[in-house]
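Going line by line, the protein sequences match chains A and B.
Sequential numbering from 2 applies to the first sequence in the numbering used here.
Sequential numbering from 2 applies to the second sequence in the numbering used here.
Note that CB positions come from ideal geometry on N, CA and C, so glycine has one too.
These numbers come from a predicted model, not from an experiment.
There are 2 protein chains.
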Amino acid sequence: MVGARPATDISASSAVNEKRLWQRHMAMAKLGGTLKGGVNRQALSPEDAAARKLLATWAKKRGFEVATDAIGNLFVRRPGTDAKARPILTGSHLDTQPTGGRFDGAYGVLAGFEVLEALADAKIATRRPIEVVAWMNEEGSRFQPGCVGSGVFAGSYDVAKMLKITDRAGVKVRDALAATLKAAPTPRRKGIGFAVDGYIEAHIEQGPRLEAVGHTIGVVTGIQGSRRFAVDVVGEESHAGTTPLRVRKDALKSAVAVVDALQKHMHDETDTVRFTVGRFETYPGSPNTVPGRVHFTIDFRHPDSAVLQRLGDGVDDVAKAHAGPCDVRVTGLSYVEPTVFAPQIMDLVRDTARRLALPNMDMPSGAGHDAMYMAKLCPAGMIFVPCARGVSHNEAESATPSDLAAGCRVLADSLVALANR
Amino acid sequence: MVGARPATDISASSAVNEKRLWQRHMAMAKLGGTLKGGVNRQALSPEDAAARKLLATWAKKRGFEVATDAIGNLFVRRPGTDAKARPILTGSHLDTQPTGGRFDGAYGVLAGFEVLEALADAKIATRRPIEVVAWMNEEGSRFQPGCVGSGVFAGSYDVAKMLKITDRAGVKVRDALAATLKAAPTPRRKGIGFAVDGYIEAHIEQGPRLEAVGHTIGVVTGIQGSRRFAVDVVGEESHAGTTPLRVRKDALKSAVAVVDALQKHMHDETDTVRFTVGRFETYPGSPNTVPGRVHFTIDFRHPDSAVLQRLGDGVDDVAKAHAGPCDVRVTGLSYVEPTVFAPQIMDLVRDTARRLALPNMDMPSGAGHDAMYMAKLCPAGMIFVPCARGVSHNEAESATPSDLAAGCRVLADSLVALANR
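This is the structure we're talking about:
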């Protein structure tokens, strides 16, 4: 297979150091590490500051440039040979869910950093600079919404507004960021956003498909669109012992019928539709009172814009048709169109994986990622690697050193190809 | 019709004063009266004490004897001509739900009291004493369980244990009772329970059946039995965007299927089965996380012991058969056998209603009542009158002066018949 590789990038992937990449993950996972082996490193927390400081320390040792922009995105830059060329960006995020894992986000940052180190080790120059970015607050668990750093970078969010967002304790992003930069000082990068020639993000799949078919590399075709709804079913409270079922307006019974009907409405033989009722609240919640009200949420996702529209638009009718004697109100909360990644990035990642003899498949991303926003700015794409049983947003999240290294090798050759374009 | 009435009780029912009975209700409803026209008069609260004091004041004005027993049951006694004869008891309760109505409980006490007044007005003597009782804490909302006063009276509950029960603020029944007796002092009645020759309780139906068929009097045949279950469905939390439906262990989806299957299992063409899922809680309750656990309750009631057993015993199998990939655990919380009222009391109430030309029907009680415990001690029964739309345990609870008076007339003649037996 080696003979098939073009001379320009053969050494980038072969210089990737699996052991070092794994050790970097283990060192990073100690910052916010939990007793159950997971990570609690929420955005702009002391743990996040420690993670930024560690990355910056590693970067400085290798002579890379480090800087933080006004919203707290952290950049590590390896210069190119053409001082005027726009950089290629790679990265992900260092923040985690409160009961998160060791790989969600951290992998994309550390794989990018490993590429820079591998290039430095192998003394490979690229025409364009390659920059690794740790986006601020991707998870959206401490501060909402998520993807604040990449959203601001891409111009989708206003930086002044985002700096005013508060966490549950009332702490503003602005103040948490100031504290973080004090604990992990770096030079400031002026302005927000800059011209980028391409973006590739490596990430664990957070789903079970790669593992199920035994493939190492997911060539991410896009990020499915999502629609969120709130459904309120309103009946009438009555006495559980005395009220005949015929005259009840049982909000729980109606809500159960509505959920059942929506599951049928969303049924999909290909198992591509994602339909989730994650919150379901019953009032007054007394065992001997017929419920007068139920509130539930719908999280519906699909990679195809037309399907997202058609099935989503049907929710209201289906709910109304199955609410029985109760009233039902469906409120649309959000509608995010699918992201389609650039064909040239998909082709590059797929070809690179093939050349490296890594079993791969095209697949959409079920979860949202910073790449969603970068796709608005430049040709963008993602590389997935398997995680055990697809478990993520969970302290039990797990991935193997060899899979992480495989994804990093694909990333390395792909970035070099982009950087020499 | 008058000519058809036997001479012995013609004057008891005809002496019932509809206007006075209504005014007593309105006066009582002011104690704990809410802005929405309901009543919040929980057991042994200052409002309950005020209600007891008002009843005692009325009783003393008429020369009736008043006494309170060790668990806080309040008795108003009109003596009979036979000093050794056991009394006939009637009554209900003065405590209400936190958002209760003006008639639930109060009606049974005030109708009984109206009978004593009517007898006094008409100078009708009875062989046995007739006593009106206001049972302590029927509702079970401040202190749990409910029916404490009648349960202790009947020997089903231990008085020492019941005195130690606390409300949510940690106040013991013992101390709340002492405060109540201080605010509404009466002579003490020694011991707990005494021999009773019969018991009839008047109550609003708390259901819509009498109103629906246009009948004024319900001859209560018994109180349906009840079984309570808790159901726990355990699946696995996963990412709503990435996890294919095929591999999910979605506790909400399974719980919805279980509830649907239980509704079918409990289906009953005669609409006699009462099946209610009143509490339904989903964890972690995050819109973009597949629920890992659902906890819900089942309240199942039926007047027939065999049906109660057969359908209730099927709950576990039905739940297990429909839980899909999730685990399900069904826990039986309580099992109360149906109460069957004494045929002679039912006959007496039915005959009396017929003689008074009041449209009537035999019907079971859906709700539990103090009569449940009295039926263990002596021949017992109940008289139901309609309430608007069957609404109860609700500030909107409503009944008409004429229906209340009609029930009181049936009660009056029935009590006199029992008292002269």
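Span of the alpha helix (DSSP H) around residue i
i         : result
A:Pro-365 : Where A:Pro-365 is concerned, there is no enclosing alpha helix (DSSP H), although the beta strand (DSSP E) it sits in stretches over 361 to 366.
B:Thr-298 : No alpha helix (DSSP H) contains B:Thr-298, which is instead part of the beta strand (DSSP E) from 294 to 303.
B:Arg-356 : 344 to 356
B:Gly-408 : 402 to 420
A:Val-257 : 252 to 266
A:Leu-178 : 174 to 184
A:Ala-231 : Here A:Ala-231 belongs to no alpha helix (DSSP H); instead the beta strand (DSSP E) covers 226 to 235.
B:Leu-164 : 160 to 164
Pair within 8 Å by beta-carbon distance, residue i and residue j
i         : j         : result
A:Thr-222 : A:Met-375 : no
A:Pro-380 : A:Ala-343 : yes
A:Gly-194 : A:Ala-252 : no
A:Leu-56  : A:Ile-201 : no
B:Thr-243 : A:Ala-241 : no
A:Arg-190 : A:Thr-69  : yes
A:Ala-112 : A:Leu-412 : yes
B:Ile-224 : B:Gly-382 : no
Residue closest to residue i, alpha-carbon to alpha-carbon, out of the options
i         : options                                       : result
B:Ile-384 : B:Thr-340, B:Gly-408 and B:Asp-371            : B:Gly-408
A:Phe-230 : A:Asp-314, A:Lys-162 and A:Val-149            : A:Asp-314
B:Met-163 : B:Gly-73, B:Leu-246, B:Ala-213 and B:Gly-226  : B:Gly-73
B:Glu-140 : B:Ser-151, B:Gly-293 and B:Glu-132            : B:Ser-151
B:Thr-401 : B:Ile-218, B:Asp-251, B:Leu-416 and B:His-240 : B:Ile-218
B:Arg-143 : B:Arg-169, B:Val-67, B:Ile-131 and B:Ala-119  : B:Arg-169
A:Pro-209 : A:Val-392, A:Ser-287, A:Glu-270 and A:Leu-419 : A:Val-392
A:Thr-290 : B:Arg-53, B:Arg-275, B:Gly-279 and B:Lys-183  : B:Gly-279
B:Gly-81  : B:His-216, B:Asp-198 and B:Thr-283            : B:Asp-198
A:Val-274 : A:Gln-145, A:Gly-226, A:His-323 and A:Leu-357 : A:Gly-226
A:Ile-166 : A:Ala-44, A:Phe-281 and A:Leu-120             : A:Ala-44
A:Ser-239 : A:Leu-111, A:Glu-202, A:His-303 and A:Pro-285 : A:Pro-285
A:Pro-99  : A:Arg-175, A:Val-172 and A:Glu-48             : A:Glu-48
B:Gly-109 : B:His-394, B:Thr-332 and B:Ser-93             : B:Ser-93
A:Ser-287 : B:Glu-19, B:Phe-297 and B:Lys-54              : B:Phe-297
For residue j and residue i, the rounded distance between their alpha carbons
i         : j         : result
B:Asp-371 : B:Cys-148 : 6 Å
A:Val-160 : A:Phe-154 : 9 Å
B:Asn-361 : B:Pro-186 : 40 Å
B:Trp-23  : B:Gly-106 : 14 Å
B:Leu-378 : B:Trp-136 : 15 Å
A:Ala-389 : A:Ala-203 : 16 Å
A:Glu-206 : A:Leu-75  : 23 Å
A:Thr-340 : A:Lys-173 : 30 Å
A:Glu-66  : A:Val-214 : 40 Å
B:Met-364 : B:Ala-180 : 40 Å
A:Val-257 : A:Gln-310 : 24 Å
Start-to-end residues for the beta strand (DSSP E) that takes in residue i
i         : result
A:Ala-19  : The sequence given here has Glu at residue 19 of chain A, not Ala. Run containing A:Glu-19: none in the beta strand (DSSP E); it sits in the alpha helix (DSSP H), 19 to 30.
B:Gly-92  : 89 to 94
B:Leu-334 : 328 to 337
B:Glu-202 : 199 to 205
B:Tyr-284 : 281 to 284
6 Å CB neighbourhood of residue i in its chain, flanking five on each side removed
i         : result
B:Ser-228 : Checking the displayed sequence, the identity of residue 228 of chain B turns out to be Arg instead of Ser. So the qualifying residues of the chain are Phe-301, Gly-313 and Tyr-336.
B:Ser-157 : Tyr-374
A:Arg-410 : Ser-14, Val-17 and Leu-357
B:Pro-326 : Lys-250
A:Leu-419 : Ile-89 and Gly-199
B:Asp-83  : Arg-128
B:Leu-211 : Gly-219 and Pro-387
B:Ala-123 : Ser-12 and Ala-16
A:Gly-192 : none
Residues near residue i by beta carbon distance below 7 Å, same chain, minus five either side
i         : result
A:Val-40  : Ala-30, Gly-33, Gly-34, Thr-97, Gly-101, Gly-102 and Arg-103
B:Ala-52  : Met-29, Leu-32, Arg-42 and Leu-95
A:Asp-404 : Thr-217, Val-386 and Pro-387
A:Leu-334 : Arg-229, Phe-230 and Ala-231
Contact set for residue i: own chain, Cβ-Cβ below 8 Å, skip 5 residues either direction
i         : result
B:Val-329 : Val-232, Asp-233, Val-234, Val-235, Ser-255, Val-259, Ala-320 and Lys-321
B:His-481 : Outside the shown range of chain B (2 to 422) lies residue 481 of chain B, about which nothing can therefore be said.
B:Phe-114 : Arg-25, Leu-56, Trp-59, Ala-60, Val-77 and Val-133
B:Glu-396 : Thr-35, Lys-37, Gly-38, Gly-39, Val-40, Thr-100, Gly-101 and Gly-102
B:Pro-245 : none
B:Ala-262 : Val-319, Ala-320, Ala-322 and His-323
A:Arg-63  : Leu-117, Glu-118 and Ala-121
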